[in-house]
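Sequence order for the protein chains is A and B. Under this note's numbering, the residues of the first sequence are numbered -7 to 229, in order. Under this note's numbering, the residues of the second sequence are numbered -7 to 229, in order.
Number of protein chains: 2
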Amino acid sequence: EIVAAVDAALADGPLKGKHVLVTSGPTHEPIDPVRYIANRSSGAQGTAIAKALVARGAHVTFVTGPADVPPPHGVDVVSIQTAQEMLTAVQAALPADAAVFAAAVADWRVESASDSKIKKSGKKLPTIAFAENPDILATVSQLKTGRPALVVGFAAETDDVIAHATAKRERKGCDWILANDVSPETGIMGGAENAVTLISADKAEPWPRMGKDAVAARLADLIAETLATSAKGRAAT
Amino acid sequence: EIVAAVDAALADGPLKGKHVLVTSGPTHEPIDPVRYIANRSSGAQGTAIAKALVARGAHVTFVTGPADVPPPHGVDVVSIQTAQEMLTAVQAALPADAAVFAAAVADWRVESASDSKIKKSGKKLPTIAFAENPDILATVSQLKTGRPALVVGFAAETDDVIAHATAKRERKGCDWILANDVSPETGIMGGAENAVTLISADKAEPWPRMGKDAVAARLADLIAETLATSAKGRAAT
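Here it is in structure tokens:
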């Protein structure tokens, strides 16, 4: 709490007065009370981004699944388990000036999770039917009213990274996609570094491989610049 | 390392000279490079048991999946992800005087995990075929040669706890089962306390609800007594 107070006191930066929503970590989709499906995500990149935004003066709402790393100081933490809970928390946190969707949300949930532990019965294997989870990034990107001025998504891909991420940006309707290659051989998943490409309406800009804190700092600076420009734009009209 | 050295120096207890194998944490079964199926397990109970065994002088091999809590000091840590890797690590760690299988091993794995990220394609949902994982507890319990003198399993159940766990003990061939009720309403899963029933060949003994450290201490004392008795038995024949 002392650290948070110091952060807040120091945080007289370019994002002062701005509310930024950040999602982080994986979601856990229950199969039964003891089993679940998840996406790999330590929450490290989302946490670093939230921290960088706070350091620049933003008020950050941090909606997080069960991550490996603790949430940063100085944010409003909303803890959730499933994609559906994350969507509800995100909608409750709006309006926001910007939103960064760094969580690794499960695309699918188990259609009817069992209330009791599924038993092994002889050699019969369970069959699991899936249902599609809500698309949080698309939902917020396509809001008719109350859309954040800047919506940033992530694309964790294993092949054709730029092509997949560029198509994802258009399909979802967000402003930027930070795309990265999470093939096991890159060592990025679970590691301290990240190698991202920033995809916007007019370009795909590869950033050098750097620490997740450095990626966060660069992104937070870009968000601050962009919000300042769009505010000036609005003031001029 | 200083703590571990102090632990080792202090650990001139009833389990001195004994090798105990402990498994802990969940296993993660990959669906593709970014998605996996897991059992809920913080690793807290297995870690507490390993710590209690070390404190009583045991040499502990600690085979752990991706747990929330760090492994205890003074053990030999073997980190694994999947049930198949856990079985291999367990077999490599034998012989042992006793084995405590506290890990929450996934019963099933995905039959053919994808090497690349499964994409959402239109409205089509993926179908996942499962294969049965090796049964580590049964495999070790039923070893013809080199079976540990004492094999302890866990049963995390949500209904008919004692009946299910008693049947499990007989089916697997282990000596003891520590059974607990992990229904969400008990608050045990992920919490600091546990309420177990020790099931052996001749009784089901409910232990009062207590901290996971206290459960670990009581179990470690029982293991020490039992190994001392069986050693005396062998010496007498």
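Ideal Cβ positions, reconstructed from N, Cα and C, are used throughout, including at glycine. In this text, all values refer to a predicted model and were calculated from it rather than measured experimentally.
- Query: Can you list the alpha helix (DSSP H) stretches of 4 or more residues lying completely in the stretch 127 to 203 of chain A, in chain order?
  - Reply: Within the stretch 127 to 203 of chain A, the runs of alpha helix (DSSP H) at least 4 residues long that lie entirely inside it are, in chain order, 128 to 133 and 153 to 164.
- Work out the CA separation of A/A147 and A/I215 for me, nearest whole Å. Taking the straight line joining both Cα atoms gives about 18 Å.
- Message: Tell me which residue opens and which closes the beta strand (DSSP E) that B/T56 is part of.
- Response: B/T56 -> beta strand (DSSP E) spans H51 to T56.
- Query: Sorted by chain position, which residues of the same chain lie with C-beta nearer than 7 Å to A/V82's C-beta, five sequence neighbours on each side aside?
  - Reply: If you ignore the 5 residues before and after A/V82, its C-beta comes within less than 7 Å of the C-beta of L13, T15, V55, I128 and V132, all in its own chain and listed in chain order.
- Message: So that I know if they touch, is there some Cβ in chain B lying closer than 7 Å to that of A/D151?
- Response: Yes, contact with chain B.
- At a cut of 8 Å, does the stretch 85 to 92 of chain A reach the stretch 133 to 153 of chain A through at least three beta carbon pairs? Yes, the stretch 85 to 92 of chain A is in contact with the stretch 133 to 153 of chain A.
- Taking 8 Å as the threshold, find out whether the stretch 30 to 48 of chain B comes into contact with the stretch 102 to 112 of chain B through three or more Cβ pairs. The answer is no - the stretch 102 to 112 of chain B does not touch the stretch 30 to 48 of chain B, with fewer than three Cβ pairs under 8 Å.
- Interface residues of chain B facing A/P25 [CB-CB closer than 7 Å]: In chain order: T150, V174, S175 and P176.
- Query: Does any C-beta atom of chain B lie closer than 7 Å to the C-beta of A/K8?
  - Reply: Taking Cβ atoms only, chain B never reaches closer than 7 Å to A/K8, which makes this a no.
- Query: Quick one: which chain B residues come within Cβ less than 7 Å of A/R32?
  - Reply: Within chain B, the residues near A/R32 are V26 and Y28.
- Task: Please confirm whether B/G203 and B/A184 have their CB atoms less than 7 Å apart.
- Result: B/G203 is a Cβ neighbour of B/A184, given a cutoff of 7 Å.
- Message: Which residues in chain A have a C-beta closer than 7 Å to the C-beta of B/S108? List them in chain order.
- Response: By Cβ distance, chain A contributes T150 and D151.
- Item | Which listed residue (B/S222, B/T221, B/A209 and B/T218) has its alpha carbon closest to that of B/A44 | Nearest in C-alpha terms to B/A44, of all of B/S222, B/T221, B/A209 and B/T218, is B/A209.
- Item | When A/D4, A/G38 and A/A130 are compared against A/D60, the one with the closest alpha-carbon | The candidate whose alpha carbon is nearest that of A/D60 is A/G38.
- Task: Please name the residue in A/A187, A/I41 and A/E162 whose C-alpha comes closest to that of A/P64.
- Result: Closest option to A/P64, Cα to Cα, is A/I41.
- Message: Please list, in chain order, the residues of the stretch 91 to 104 of chain B that have any C-beta partner in chain A closer than 8 Å.
- Response: Correct list: A96, A98, D99 and W100.
- Task: Report the three-state DSSP secondary structure of B/T39 (helix, strand or coil).
- Result: Reduced to three states, the DSSP call for B/T39 is helix.
- Task: Could you check if B/D4 is buried or exposed, using at least 16 other CB atoms within 10 Å of its CB as the buried criterion?
- Result: With fewer than 16 neighbouring CB atoms inside 10 Å of its own CB, B/D4 falls in the exposed class.
- First and last residue of the uninterrupted alpha helix (DSSP H) at A/A249: Absent from the model: residue 249 of chain A. The displayed extent of chain A is -7 to 229, so no value can be given.
- Quick one: give me the first and last residue of the beta strand (DSSP E) that A/E77 is part of. Careful: A/E77 lies outside any beta strand (DSSP E), inside the alpha helix (DSSP H) at A75 to A85.
- Consult DSSP for A/E217 and reduce its assignment to one of helix, strand or coil. Helix at A/E217.
- Separation of A/A187 from A/A155, as counted between CA atoms: For A/A155 and A/A187, the distance between alpha carbons rounds to 16 Å.
- Item | Same chain only: Cβ atoms within 7 Å of B/S192, ignoring 5 sequence neighbours per side | Excluding sequence neighbours, B/S192 sits near D167 and W168.
- Message: Cβ closer than 8 Å: which chain B residues qualify as neighbours of A/P118?
- Response: Chain B residues near A/P118: W100 and F122.
- Task: Select from B/P176, B/E124 and B/R161 the residue whose C-alpha is nearest the C-alpha of B/K195.
- Result: B/K195 has its Cα closest to that of B/R161, out of B/P176, B/E124 and B/R161.
- Three-state class that DSSP yields for A/S222 in the structure shown: Here A/S222 carries a helix assignment [DSSP, helix/strand/coil].
- Start-to-end residues for the beta strand (DSSP E) that takes in A/D99: Note, A/D99: premise wrong, no beta strand (DSSP E); not H, not E.
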